[in-house]
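Peer 1:
Numbering (the working numbering), first residue to last: 17 to 858.
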């Protein structure tokens, strides 16, 4: 401006006004500049205030859209649970009607089963194809109501698809309660319309859901139908109740719905209370409902109004300063320069914020390529910042395919917001969980997607660990039969864990009153728990009691109840404790007392039996010594005599002595079997196994046979196993009996085969004794190994029926068995198989 002022040489004479004309011209220029500056300051102030107001409004819109989105998900999830119950009933009805229509009794039972699955439903009913409500028959049953004219029944009946129907609000019952009906179509076995199943949801049900939103004093959240009928409304401060079913809405809402039917925002004075709010609405897809969340304009503009006052004051000071004296113009210039510097610094600060923000900020174009990004995003993925310029989103996002990413990039709309949890691949190949929030923006004629990514790997791991911990706690409670409880003394609310509910025989999630909980306790024990609670409240004394219960289903139970009082600020505020189901231990304690008495009696009888067994054992020892020893001596003498006579050439005497030896061998075998039976029957404990050489066992058993019969025995080894775990003395007795039988019933001179093999499943040694005899009659085969069962051999004496019985008992003691192996063909020949079970790793 100094350049615009005339120099002293150019000044003319002073006029009558006392100021030279050039100065007056300078003042005119100065006034003009001051006026223009004032206008410019005012304009800039208005622009700044408008921009600030838009920013405040944008933040408010974001807030209400987030609230509306959260409420949309909550309502959709709640209605999904109701619809799931209806679908479940439709499927159950379809299965039940395949054999014909259901009577009212069966329909009532089916309804009760579904009602128990979703107890929070106000009611669950079925209307037939004629619109009449189905109900349990009985002499007191009222006349069924008809729903045939109700709009939702007509909609369900005329529907061509399998969609869910939600009614407009309607009043029901003598108390005039407002409800909403959620209904689905029923089909008969041949596919015809068979009525509808529907649930009634009380308006208080929706009010409870709306109550989960944190509202300011003048904020509001509203639920309306697709036809804009009011379903439920909640405000931050008490207001007169709204008229349910009212369709009184603002024109701005109607205009917004025409422009964006599924969701959007608008500013309007609410028709119900005339408070201007910024509102966001969302369709509760797929249900014909809409949730509206509004934040009072005055509340969110309060900060902006303070800015208006401040900017107005500053502008007034600037104008006043400019009008007071031109001497301060240079100060204005300086302030302008400083303001420009501040603006530049603010721009640099915004740029620095973009580059250093903790969240990974990145901007994508319609092709999914990076346009701009913050340093934090590059650091999050481990790439140099310059390398990520122009990089495609598919280079780091691994959860969504490239096709899905491109569809999203092509179809996102400006102003549309989204949030998604995905996985990003870092430069080193490792994966991180990321929460990405994005919004479509339009900058410099280009549609861009502004995204902010946050590394939530630690949070995801913590959430998974928390879910696992909760699941472990629930499983531990079920296994240990321990449940917890808490009584809030201020609200009187009693809370039970699921296991506590199971102990009392009530559905999980039940919340009984304190009196209802006391009613479960047996009357004889109720004074004890009442006294324990009184002591805890007065003196802070914890308790540990055993109480009898009668559960909801009439079952008697015993629990161990422990509890204590918790205080805050010196006052008792709650009682907490745990219950352990000790019914089984109490039953065991009672059974133990009976068993102890029975055990004493058994011990007395066992002592008597033990004395008898010792006496019998002594008798068996006497028999073994006094009878068997002389027979062994006689057998040895006969053997010596036969040898001497054979040397002398007396063939007749030698043959007679051989027959005598055979008879004596039968007598010794019978005595051995008799003693073995007595020993096996008296055995109480397990056998003592040892690692036995299989070939030695077979050789010893062959050596037990008469010398003339030994050459007939052929050993066929088909296994490389050398040893097996067994009691050799018992196994020798069993195998000897089988060989004796095989030689006895085979034709004279015919061979008897001992085949050795093994099996892996089960792990066992297999010993087959194969003869060429006449076989076993089918009637005898069923009881061949029973005591006293014996075959008939015309050439030999009849046995006592103990040999094969001993074989069976020996194999049972070894954990194995003996079996007949079918030869097929003509039935001649017989194979008896010993299955000697082996322990794993033996």
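Even for Gly, the Cβ is constructed at its ideal location relative to N, Cα and C. From a predicted model like this one, the values you see are computed outputs, not experimental measurements.
Could you work out which residue in 515, 544, 574 and 501 is closest to residue 529 when comparing CA atoms only?
Peer 2: For this step, residue 529 is matched to residue 513 along the chain shown. Of 515, 544, 574 and 501, the residue nearest in Cα terms is 501.
Peer 1: When burial is assigned at 16 or more other CB atoms within 10 Å of the CB, is residue 458 buried or exposed?
Peer 2: Counting from one through the chain shown, the residue named residue 458 turns up at place 442. It counts as exposed.
Peer 1: I need the boundaries of the beta strand (DSSP E) containing residue 564, first residue and last residue.
Peer 2: Residue 564 sits at position 548 when you count from the first residue of the chain shown. Element bounds for residue 564: 559-566.
Peer 1: Of all the beta strand (DSSP E) runs that stay within the bounds of the stretch 194-261, which reach a length of 3 or more residues?
Peer 2: Complete beta strand (DSSP E) runs here, min 3: 209-218, 236-241 and 246-251.
Peer 1: Cutting at 6 Å between CB atoms, please list the residues of its own chain near residue 231, excluding the five before and the five after it.
Peer 2: Counting from one through the chain shown, the residue named residue 231 turns up at place 215. Excluding residues within five positions, the ones whose Cβ falls inside 6 Å are 252.
Peer 1: Relative to the alpha-carbon of residue 713, which residue among 766, 728 and 781 has its alpha-carbon at the smallest distance?
Peer 2: Within the chain shown, residue 713 is the residue found at index 697, counting from 1. Closest by alpha carbon: 781.
Peer 1: With contact counted as at least three CB pairs below 8 Å, one residue from each stretch, are the stretch 87-99 and the stretch 189-196 in contact?
Peer 2: In short, these stretches do not touch, since the Cβ pair count stays below three.
Peer 1: Is residue 822 helix, strand or coil when you go by DSSP?
Peer 2: Stepping through the chain shown from its first residue, residue 822 is reached at position 806. DSSP places residue 822 in helix when its eight states are reduced to three.
Peer 1: For the stretch 421-436 against the stretch 263-271, do three or more pairs of beta-carbon atoms, one drawn from each stretch, fall closer than 8 Å, so that the two count as touching?
Peer 2: Counting Cβ pairs under 8 Å, fewer than three are found: no touch.
Peer 1: Determine the burial state of residue 306: buried for a count of at least 16 other Cβ atoms within 10 Å of its Cβ, exposed for fewer.
Peer 2: Taking the chain shown and counting its residues from 1, the one referred to as residue 306 is at position 290. The residue is buried, with at least 16 neighbouring Cβ atoms inside 10 Å.
Peer 1: Would the stretch 534-551 count as touching the stretch 506-517 if we require 3 or more Cβ pairs under 8 Å?
Peer 2: They do not touch, by the three-pair rule.
Peer 1: Excluding sequence positions up to five away, which residues of its chain have a Cβ less than 6 Å from the Cβ of residue 323?
Peer 2: The residue labelled residue 323 in the question sits at position 307 within the chain shown. Cβ neighbours of residue 323 beyond the five flanking positions: 68.
Peer 1: Between residue 223 and the rest of its own chain, which residues show a CB-CB distance below 7 Å, the 5 nearest in sequence each way excluded?
Peer 2: Working through the chain shown from its first residue, we reach residue 223 at position 207. Taken in chain order, the residues that qualify are 248 and 250.
Peer 1: Touching or not, the stretch 478-492 and the stretch 384-403, by the rule of three or more beta carbon pairs under 8 Å?
Peer 2: Touching, no, given that fewer than three Cβ pairs across the two stretches are closer than 8 Å.
Peer 1: Return the CA-CA distance between residue 760 and residue 769, expressed in angstroms with no decimal places.
Peer 2: For the purposes of this step, residue 760 is taken as the residue at position 744 of the chain shown. For the purposes of this step, residue 769 is taken as the residue at position 753 of the chain shown. The straight-line gap from Cα to Cα measures roughly 14 Å.
Peer 1: What whole-angstrom Cβ distance do residue 180 and residue 197 have, given they're in contact under 8 Å?
Peer 2: Indexing the chain shown from 1 puts residue 180 at position 164. Indexing the chain shown from 1 puts residue 197 at position 181. The pair is not a contact, with the Cβ atoms about 11 Å apart (cut-off 8 Å).
Peer 1: What does the Cβ neighbour count give for residue 295, buried or exposed, with the cut at 16 atoms within 10 Å?
Peer 2: In the chain shown, the residue the question calls residue 295 occupies position 279. When all chains shown are included, residue 295 counts as buried.
Peer 1: Pull up the DSSP beta-bridge partners for residue 462, would you.
Peer 2: Locating residue 462 in the chain shown gives position 446, where the first residue counts as 1. 459, per the DSSP bridge assignment.
Peer 1: Taking all protein chains shown into account, decide if residue 742 is buried (16 or more other Cβ within 10 angstroms of its Cβ) or exposed.
Peer 2: Within the chain shown, the letter at position 726 stands for residue 742. That one is buried.
Peer 1: If you follow the beta strand (DSSP E) that residue 139 is part of, which residue opens it and which one closes it?
Peer 2: Within the chain shown, residue 139 is the residue found at index 123, counting from 1. 139-143 is the extent of the beta strand (DSSP E) around residue 139.
Peer 1: Suppose the cutoff is 6 Å on Cβ atoms and the five residues either side in sequence are ignored; what does the same chain contact list for residue 472 look like?
Peer 2: For the purposes of this step, residue 472 is taken as the residue at position 456 of the chain shown. If we look at residue 472 and ignore the five residues flanking it on each side, its Cβ neighbours are 449 and 451.
Peer 1: When the Cα atoms are used, what is the spatial distance from residue 559 to residue 542?
Peer 2: Locating residue 559 in the chain shown gives position 543, counting from the first residue. Locating residue 542 in the chain shown gives position 526, counting from the first residue. When rounded, the distance between both Cα atoms is 14 Å.
Peer 1: Between the beta-carbon of residue 86 and the beta-carbon of residue 145, is there less than 8 Å?
Peer 2: Residue mapping note: residue 86 aligns to position 70 of the chain shown, counting from 1. Residue mapping note: residue 145 aligns to position 129 of the chain shown, counting from 1. No, these two residues do not count as a Cβ contact at 8 Å.
Peer 1: So what does residue 434 bridge to, in DSSP terms?
Peer 2: On the chain shown, position 418 is the one that residue 434 refers to. 454, per the DSSP bridge assignment.
Peer 1: Compute the distance between the beta-carbons of residue 750 and residue 823, then report whether it is under 8 Å.
Peer 2: Translated into positions along the chain shown, residue 750 becomes position 734. Translated into positions along the chain shown, residue 823 becomes position 807. A contact, by the Cβ cut-off of 8 Å.
Peer 1: Just verifying my parser: in three-state terms, what is the DSSP assignment at residue 399?
Peer 2: Translated into positions along the chain shown, residue 399 becomes position 383. Residue state, collapsed to three classes: coil.
Peer 1: Distance check for residue 601 and residue 715, CA to CA, integer angstroms please.
Peer 2: Mapped onto the chain shown, residue 715 falls at position 699. Mapped onto the chain shown, residue 601 falls at position 585. Looking at the two C-alpha atoms, the distance is approximately 57 Å.
Peer 1: Quick check for students: name the residue ranges of the beta strand (DSSP E) that lie wholly in the stretch 728-756, counting only runs of 3 or more.
Peer 2: Complete beta strand (DSSP E) runs here, min 3: 729-733 and 739-742.
Peer 1: Over the uninterrupted beta strand (DSSP E) stretch that includes residue 295, give me the two end residues.
Peer 2: Here residue 295 refers to the residue found at position 279 of the chain shown. Here the beta strand (DSSP E) through residue 295 covers 292-299.
Peer 1: Can you tell me which of the three DSSP states residue 541 falls into?
Peer 2: The residue you call residue 541 lines up with position 525 of the chain shown. It is coil, neither helix nor strand.
Peer 1: Report buried or exposed for residue 238, applying the criterion of at least 16 other Cβ atoms within 10 angstroms of its Cβ.
Peer 2: As a first step, residue 238 must be located in the chain shown, where it is residue number 222. With 16 or more other Cβ atoms within 10 Å, it is buried.
Peer 1: Go to residue 715, then tell me how far its alpha helix (DSSP H) extends in each direction, as first and last residue.
Peer 2: Residue numbering aside, residue 715 sits at position 699 when the chain shown is read from its first letter. Residue 715 -> alpha helix (DSSP H) spans 710-719.
Peer 1: How big is the Cα-Cα spacing for residue 157 and residue 524?
Peer 2: Against the chain shown, residue 157 aligns to sequence position 141. Against the chain shown, residue 524 aligns to sequence position 508. Residue confidence for residue 157 is low, a pLDDT of 46 falling below 50, so the modelled location carries little weight; the figure read from the coordinates is stated next. Whole-angstrom Cα-Cα distance: 32 Å.
Peer 1: Going by CA-CA distance only, name the one from 711, 745 and 738 that's closest to residue 705.
Peer 2: Here residue 705 corresponds to residue number 689 of the chain shown, with the count starting at 1. Ranking 711, 745 and 738 by Cα distance to residue 705 puts 745 first.
Peer 1: Using a Cβ-Cβ cut-off of 6 Å (strictly less than) and excluding sequence neighbours within five positions of residue 389, which residues of its own chain qualify?
Peer 2: One-based indexing of the chain shown puts residue 389 at position 373. Correct list, in chain order: 378 and 404.
Peer 1: Within the same chain, show all residues whose beta-carbon is closer than 6 Å to that of residue 52, passing over the 5 residues directly before and after it, in chain order.
Peer 2: Within the chain shown, residue 52 is the residue found at index 36, counting from 1. There are no such residues.
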